[in-house]
Amino acid sequence: MSVPDHLFVPMSQSPGRAEQIVRPRLSLWKQAQIRLFSNKLAMAGLIIIMLLAILAIFGPLMTTHSYSKQDLLHGNQPPSLKHWFGTDDLGRDVFARILFGSRISLTVGIAAALIDFFIGIVYGGIAGYFGGRIDNVMMRFVDILYGIPYLLVVIMLMVVMGPGLLTIIIALISTGWIGMARIVRGQVLQLKSSEYVMAARTLGAGSWYIIRKHMLPNTVGVIIVQITFSVPSAIFAEAFLSFLGLGIQPPLASWGTMANDALPTILSGNWWRLFFPAFFISLTMLAFNLLGDGLLNIFNPKQRR
Amino acid sequence: MAQYILRRFFSMIITLWLIVTVTFFLMHTVPGSPFDKDGKEASPAVIQNMMSFYHLDEPLSVQYVLYLKSLLTLDLGPSIAHYPDSVNSMIDRGFPVSFQLGIVSLLLAIITGIGLGTIAALRQNGLIDYVAMVLAVIGIAVPSFIIAPLLIKYVAVEWKLLPVATWGSWKHVVLPAIALSTGPIATIARLTRANLIEVLTQDYIETARAKGLSPATIVFKHALRNAVLPVVTLLGTLLANVLTGSFVIEKIFAIPGMGKYFVDGINNRDYAVIMGTTVFYSALLIFMMFLVDIVYGLIDPRIKLHRKEA
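Listed in order, the protein sequences are those of chains L and C.
One point on numbering: in my numbering, the residue at position 125 of the first sequence is 131, and numbering is uninterrupted.
One point on numbering: in my numbering, the residue at position 159 of the second sequence is 176, and numbering is uninterrupted.
See below:
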């Protein structure tokens, strides 16, 4: 087929348009959101976490039973319509205790992770930003702390301060911030010497601009991932300590203490006493780990672990 | 190399000294004294005698120096709650048990973890991979103190395959070791899988394939060696997890290991035992991490030990 000559028109040359971005601009958050929504496992984790959070906040309204009221005549009853998850040896409603325990477990996990985050970002940020001798001294200190098995430190602090919710959080923070500080410092050091930060500086960008526009967006992913992983490890540590008898004291309930209390009863066939706390601990750990894995892939596709 | 080892050794000693110091002063801020026995009040003169026997009536600084001195001779002091038992003899009795359990668990974790990770990586996105990774996620999500009672209930009580608890023959080791190693197995399997998948895309694997090496040689001689290197760096941390994790497992299985003495020490406010155990375990773990670092430098020529890594 032949094309008549008059249809050939020189392409218009509008110099301004060549560089124009046609697609809508995607911010960091928008991109992360799109990738998160397409990751089914991570979304499952996120939804489970939300459900658990709703359970922790509104849960105690969902039951008419009290978590601490004893009813010795109706101890160790299997799950029924009256007691959904059965009762424990003192006749306390296991469902109510699970709901109440979710508050404690999530509070410990989230509070510890958030405070770790603040301490870690300040400590690591200062060490990385100033570098040199300050960095050397600060990191040597961290290295020393890092070499100590954290559970021993936590157990010792629990012994010294006496068991309780606040003590658990403080004890967990005392070692938890170290990981965050190391990560933030490593990121800041790496970004400080990266080409695009140098380019920005050459083009006359100020420190604050660089921190806001380059450092923060590039660190934020790693930090979010680290927070997501430190929540379940704090929840695990709380359960572990409660299991050793160093955690929450009765009549308060946490999933760890409930599992510990249930230990002697599994052989007698009262399966519900151990099953429900175990199920919720595992579900929470699973949900946060799934979300963390997903976020790791989203923010850091090159460094998949 | 020698310089690096020397420097690492020096910082190890400083770390230990700091741990001893912090532990010592923390212990003495604990409210209550080891001689508070509710109900059975000893006469003031007896308490005074006991206090002076254990040097508890001296100023804290004197006690501290005394403790450091005895530590230098590797003497961790007498137990307060179980006189004349000494902390050293408790470690003599308890540690071999915990160590045996720890080593078996760690070996189990390394072998199973690397095996599982390798199979998963070689069948990436296949059914085996899927099953292995689901197992790994469960291993990370379900704490050992939940796996242990389940093992007792089914394997020991219902199927009667293995003893329920306590310590003695090799049969007693199996269940606690399995419970203790599930977490590490999952961690190692995931790490091995991710590394192996990455290594298998490298150019030198392509070269090995191009020159006609058998798949087995490629996997075991070229790929796996590089893929498991990061697992070595994890060993120190894993050992720490296994040894402290065994406190709970020892409690569940009624195993007479270090965990028992440590928890007893906490309940009795037995300063000497708590401090002794903490110092002993910290020293052990710090030394293991030191060894791991050196071994890592030896097996991976790309790591230069004399330069401090960022």
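Beta carbons are placed, not taken as given, at the ideal position from N, Cα and C, and that holds for glycine.
Since this is a predicted model, take the numbers as computed values, not measurements.
- Secondary structure of Ser200(L) (DSSP, three-state): coil.
- Cβ-Cβ distances below 6 Å link Thr271(L) to Arg279 in the same chain, with the five nearest sequence neighbours on each side left out; the list follows chain order.
- Around the beta carbon of Ser87(C), fewer than 16 other beta carbons lie within 10 angstroms, which makes this residue exposed.
- Under the three-state reduction of DSSP, Asp317(C) is assigned to coil, being neither helix nor strand.
- Approximately 36 Å separates the beta-carbon atoms of Val194(L) and Gly262(L); this is outside 8 Å, ruling out the contact.
- The beta carbon of Val231(L) sits no closer than 8 Å to any beta carbon of chain C.
- For Pro273(C), no CB of chain L lies under 8 Å from its own CB, so it is not counted at the interface with that chain.
- For Thr93(L), the three-state secondary structure derived from DSSP is strand.
- Against chain L, the beta carbon of Pro232(C) has no neighbour under 7 Å; the closest one sits roughly 24 Å away.
- Annotation: Asp299(L) to Phe27(C) spans about 38 Å, alpha carbon to alpha carbon.
- Under the 8 Å criterion on CB atoms, Val165(L) is classed as interfacial with respect to chain C.
- Ser236(L) is outside the set of residues whose beta carbon lies under 8 Å from a beta carbon in chain C.
- Boundaries of the alpha helix (DSSP H) around Pro223(L): Leu222 to Phe249.
- Close partners of Tyr298(C) in chain L (Cβ separation under 8 Å): Pro155 and Leu158.
- For Asp287(C), no alpha helix (DSSP H) encloses it, and the DSSP letter there is neither H nor E.
- Around the beta carbon of Pro95(C), 16 or more other beta carbons sit within 10 angstroms, so the residue counts as buried.
- Exposure of Ser231(C) is indicated by the presence of fewer than 16 other C-beta atoms within 10 angstroms of its C-beta.
- Taken through DSSP and simplified to helix, strand or coil, Asp310(C) comes out as helix.
- For the alpha helix (DSSP H) assignment, the uninterrupted runs of no fewer than 4 residues enclosed by the stretch 247-301 of chain C are, from N- to C-terminal side, 275-285.
- Using a Cβ-Cβ cut-off of 8 Å, Leu43(C) counts as an interface residue toward chain L, since at least one Cβ of chain L sits closer than that to its own.
- The C-beta of Phe264(C) comes closer than 8 Å to at least one C-beta of chain L.
- Asp122(L) has no beta-bridge partner at all, per DSSP.
- Counting only the Cα atoms, Tyr129(L) lies some 33 Å from Gln255(L).
- Beta bridge pairing from DSSP links Asp99(L) with Thr93(L).
- Note that the stretch 168-181 of chain C does not touch the stretch 212-223 of chain C; fewer than 3 beta-carbon pairs, one per stretch, sit closer than 8 Å.
- For the pair Thr290(L) and Pro257(L), the CB atoms are not nearer than the 8 Å cut-off.
- In this structure, Tyr298(C) lies near Leu158(L), with their beta-carbon atoms less than 8 Å apart.
- Taking CB atoms only, Phe162(C) has a neighbour in chain L less than 8 Å away.
- Chain-ordered listing is empty here: chain C has no CB closer than 7 Å to the CB of Ser260(L), the nearest sitting near 13 Å.
- DSSP places Pro283(L) in the helix class (H, G or I) of the three-state scheme.
- Within the stretch 61-109 of chain C, the complete alpha helix (DSSP H) segments of 4 residues or longer fall at 61-70 and 77-89, listed in chain order.
- For the set Lys170(C), Val39(C), Ile195(C) and Gly293(C), the Cα lying nearest the Cα of Gly119(C) is the one of Ile195(C).
- Classified as exposed, Asp149(L) has fewer than 16 neighbouring CB atoms from the shown chains inside 10 Å of its CB.
- Chain L places no beta carbon closer than 8 Å to that of Ala225(C), leaving this residue out of the contacts.
- Legend: CB atoms of the stretch 194-215 of chain C lying less than 9 Å from CB atoms of chain L belong to residues Arg207, Leu208, Ala211, Asn212, Ile214 and Glu215.
- Per DSSP, reduced to three states, the secondary structure at Pro270(L) is helical.
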